[in-house]
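Novice:
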């Protein structure tokens, strides 16, 4: 039994380890911390795997845990201390350096940077929909929100990102 | 135009250098294997509960804030059984003819039986010797005193019981007949007799002495704040809110251990001590020298004390949730009076405390409008607390006091 669990854990880490870590990074913007949070995600998955009944894909289950782990971390005092320290350090940078840094980024990096700056609630839906590729219902279940709320937040997040959709992207994939 | 649908592709591309390392995977697997299921540690919980119980018990045994008093060393100069017989004879005298006049009523209810009842049920009185009676007999005597008083005070029809009253030759005859008398009188009295033996506070802890509903609210609030604090710590981590919650928890915790600063009067000692503590609030130099008398009338218990500055102090203890708490006091030289008590629909009541050896034998109130005179006889030697009842239509009056020779004082 334990061997099966161990094997499942390794398989999941191989498949999703990088993605989970990158998702966590968008919340905390520190790779070391993101890796720790990813580890915590898989540990929780391991402990809860006996409760997983296969109602959804393993990926959905993992991403759900990852988002919760990130939420807990960003509301912790430890993270808030780090934030305060970062804000203080930003004052030390000149305005020109910040602007120049932004200009040299590619368009992709700019979009990702904008996503990282979104409020947590908007970031959740953007990442779960576009990165984790969950359906709206799965996102609603993960975040324990009504599906209409998920739609609203998604729309609002995209407006904030000022991204226009290609033809066909207006329709959400409800599956 | 950019497409959000390529977000996954972009993030994987931008962050392609960052990977969940192999070492980290092995470390994760190792941690997963070594992690133990969460267990409830009963030992710390049991220790905390035990500590809480011990603290509560200790809180109950903290030294009282009231100064210890040495009550008069003249122990029980009077006989409770003699007082009992006199009272029954008085009742017989006014009720046996089937009619109780206002003057007779006023004379009967002017004094309280509380001290006698205390002596009978506790055997521990500085005023009265307790006769050799069983607990059952003492209760029966106290009930009889209570029924007689209530019968007269509430103006019941004496004609209904006149034929069943008798005069007793001695104490033993009274003892033999007390149960029968109680059966005769009980139907006329609405409330049953309540002993003051159980009035003593559980402890000197304010929380333990509080009414049950106060305890319930305090405990519910405490648990609520603890739970909300726990949730805040675990999830939201709002510092300001957390500090407010913690402050409220600390305040509530302190309130559980607060000493009870209420001044209770459940027996002669506590009445004297409460009056002493009460005076100390106003002036440290004044203290109770001697408790002279105590009485209980409708809705109030009273203590009369001689103070260190020579004054007489009359204190009123009001009933709250089954306990009598000191609420007001008056001081004077020879005779001290309370404010008129308007709490009885038909009568006005005045409570008067009289010093020992006052020389006053008669206390008279004259209705200024009608000239009607109402009086009670007073013991000129022994200190006592009297209840003066007069009709409620009397709103302005003059006071007159006479000595034993009928001379106006």
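Protein chains in written order, with our numbering: chain A, 1 to 175; chain X, 1001 to 1409.
Where a beta carbon is used, it is the ideal one built from N, C-alpha and C, also for glycine.
(1) In the structure shown, what three-state DSSP assignment does residue 1306 of chain X receive?
(2) Short of 9 Å Cβ to Cβ, which residues in the region 122-134 of chain A face chain X?
(3) How many angstroms separate the CA atom of residue 155 of chain A from the CA atom of residue 148 of chain A?
(4) Can you tell me whether residue 1385 of chain X is buried or exposed, with buried defined as 16 or more other CB within 10 angstroms of its CB?
(5) To be precise: take each residue of the region 1014-1034 of chain X, compare its Cβ to all Cβ atoms of chain D, and keep it if any distance is under 8 Å. Which residues remain?
(6) Given a cut-off of 8 Å, decide if residue 124 of chain A and residue 67 of chain A are closer than it, judged by their beta-carbon atoms.
(7) Check whether the Cβ of residue 1007 of chain X lies closer than 8 Å to any Cβ atom in chain A.
(8) Below 7 Å between beta carbons is the criterion; list the residues of the region 1204-1233 of chain X that meet it against any residue of chain A, in chain order.
(9) Which word fits residue 134 of chain A, buried or exposed, when buried means at least 16 other C-beta atoms lie within 10 angstroms of its C-beta?
(10) Can you list, in chain order, the residues of its chain whose CB lies under 7 Å from that of residue 1221 of chain X, leaving out five sequence neighbours each side?
(11) Could you name the residues of chain X that residue 42 of chain A contacts, counting a contact when the two beta carbons are closer than 8 Å?
(12) Which of the three DSSP states is assigned to residue 1199 of chain X in this structure?
(13) Can you tell which of X:1195, X:1268, X:1097 has the C-alpha that lies nearest to the C-alpha of residue 1128 of chain X?
(14) On the criterion of 16 or more Cβ atoms from any shown chain inside 10 Å, does residue 112 of chain A qualify as buried, or is it exposed?
(15) Write down the C-beta distance between residue 1189 of chain X and residue 1151 of chain X rounded to the nearest angstrom, noting that I regard them as a contact closer than 8 Å.
(16) Ends of the beta strand (DSSP E) at residue 1317 of chain X?
(17) Under a CB-based cut-off of 8 Å, is residue 1275 of chain X close to chain A?
(18) With DSSP as the reference, label residue 118 of chain A as helix, strand or coil.
(19) Can you check whether the C-beta of residue 1243 of chain X is within less than 8 Å of a C-beta belonging to chain A?
(20) Which of helix, strand or coil does DSSP assign to residue 1187 of chain X?
(21) Quick check: the region 1125-1143 of chain X against the region 1161-1169 of chain X, are there 3 or more CB pairs under 8 Å?
(22) Do you know how far the Cα of residue 1021 of chain X is from the Cα of residue 26 of chain A?
(23) Check whether the region 1204-1224 of chain X and the region 1283-1303 of chain X are in contact - that is, three or more C-beta pairs closer than 8 Å.
(24) Look at the alpha carbon of residue 1402 of chain X and the alpha carbon of residue 1256 of chain X, and state the distance between them as a whole number of angstroms.
(25) What is the rounded straight-line gap between the Cα of residue 1063 of chain X and the Cα of residue 1205 of chain X?
(26) To test your reading of the DSSP string, which unbroken beta strand (DSSP E) runs of 3 or more residues are found completely within the region 6-36 of chain A?
(27) Less than 8 Å between the C-beta atoms of residue 1398 of chain X and residue 1354 of chain X, yes or no?
(28) Buried or exposed: which applies to residue 1028 of chain X, given that a residue is buried once 16 or more other Cβ atoms fall within 10 Å of its Cβ?
(29) Whose Cβ in chain X lies nearer than 7 Å to the Cβ of residue 109 of chain A?
(30) How is residue 1293 of chain X classed by DSSP in three states: helix, strand or coil?
(31) Going along chain X, which residues have a C-beta under 8 Å from residue 225 of chain A?
(32) What three-state label does DSSP hand residue 1073 of chain X in the structure shown?
(33) Kindly indicate if chain X contains any beta-carbon less than 8 Å away from that of residue 32 of chain A.
(34) Using a cut-off of 7 Å between C-beta atoms, extract the partners of residue 1011 of chain X located in chain A.
(35) Comparing the C-beta of residue 15 of chain A with each C-beta of chain X, is any distance below 8 Å?
(36) Under 9 Å between beta-carbons, which chain X residues line up against residue 39 of chain A? List them in chain order, please.
Specialist: A quick look at the data gives this:
(1) Secondary structure at residue 1306 of chain X: strand, using DSSP grouped into helix, strand and coil.
(2) Correct list: 126, 127, 129, 130, 131, 132, 133.
(3) Each residue's Cα considered, the two are about 11 Å apart.
(4) Counting C-beta atoms within 10 angstroms of its own C-beta, residue 1385 of chain X has 16 or more neighbours from the protein chains shown and is therefore classed as buried.
(5) The structure shown contains no chain D; the protein chains it does contain are A and X.
(6) Cβ distance < 8 Å, so residue 67 of chain A and residue 124 of chain A count as in contact.
(7) Interface residue (Cβ-Cβ distance to chain A less than 8 Å): residue 1007 of chain X is classified as such.
(8) Under the 7 Å Cβ criterion, the region 1204-1233 of chain X contributes no residue.
(9) Flag for residue 134 of chain A reads buried.
(10) Once the five neighbours on either side are set aside, the close Cβ partners of residue 1221 of chain X are 1252.
(11) Those within 8 Å of residue 42 of chain A in chain X are 1028, 1032.
(12) Helix, per DSSP.
(13) Scanning X:1195, X:1268, X:1097 for the CA closest to the CA of residue 1128 of chain X turns up X:1268.
(14) Counting Cβ neighbours within 10 Å, residue 112 of chain A comes out buried, since at least 16 surround it.
(15) Right, the Cβ-Cβ distance comes to about 7 Å (below 8 Å), so this counts as a contact.
(16) Residue 1317 of chain X -> beta strand (DSSP E) spans 1312-1320.
(17) By the rule that beta-carbons nearer than 8 Å mark a contact, residue 1275 of chain X does not touch chain A.
(18) In the structure shown, the three-state DSSP call for residue 118 of chain A is coil.
(19) Residue 1243 of chain X does not count as touching chain A.
(20) Shown here, residue 1187 of chain X sits in a helix according to DSSP, grouped into three states.
(21) No, they do not touch.
(22) Whole-angstrom Cα-Cα distance: 18 Å.
(23) No, because fewer than three Cβ pairs between the region 1204-1224 of chain X and the region 1283-1303 of chain X fall closer than 8 Å, the two stretches do not touch.
(24) Going by the C-alpha atoms only, they are around 54 Å apart.
(25) Caution is warranted here: a pLDDT of 44 is assigned to residue 1063 of chain X, below 50, making its placement in the model unreliable, and the coordinate value is therefore given only provisionally. Here the alpha carbon of residue 1063 of chain X sits roughly 10 Å from the alpha carbon of residue 1205 of chain X.
(26) Runs found: none.
(27) In this structure, residue 1354 of chain X does not lie closer than 8 Å to residue 1398 of chain X by Cβ.
(28) Counting the other CB atoms within 10 Å of its CB gives residue 1028 of chain X a total of 16 or more, which places it among the buried residues.
(29) 1014, listed in chain order.
(30) In the structure shown, residue 1293 of chain X adopts extended strand secondary structure according to DSSP, grouped into three states.
(31) Nothing can be reported for residue 225 of chain A, as the shown portion of chain A is limited to 1 through 175.
(32) Bear in mind that the predicted position of residue 1073 of chain X carries a pLDDT of just 33, short of 50, making it unreliable; the figure below should be weighed with that in mind. Coil at residue 1073 of chain X, not helix or strand.
(33) Answer no: the Cβ-Cβ gap between residue 32 of chain A and chain X never drops below 8 Å.
(34) Within 7 Å Cβ-Cβ: 22, 112, 131.
(35) No, its Cβ sits nowhere closer than 8 Å to a Cβ of chain X.
(36) Ordered by position in chain X, the residues that pass the 9 Å Cβ test against residue 39 of chain A are 1020, 1024, 1025, 1027, 1028, 1031.
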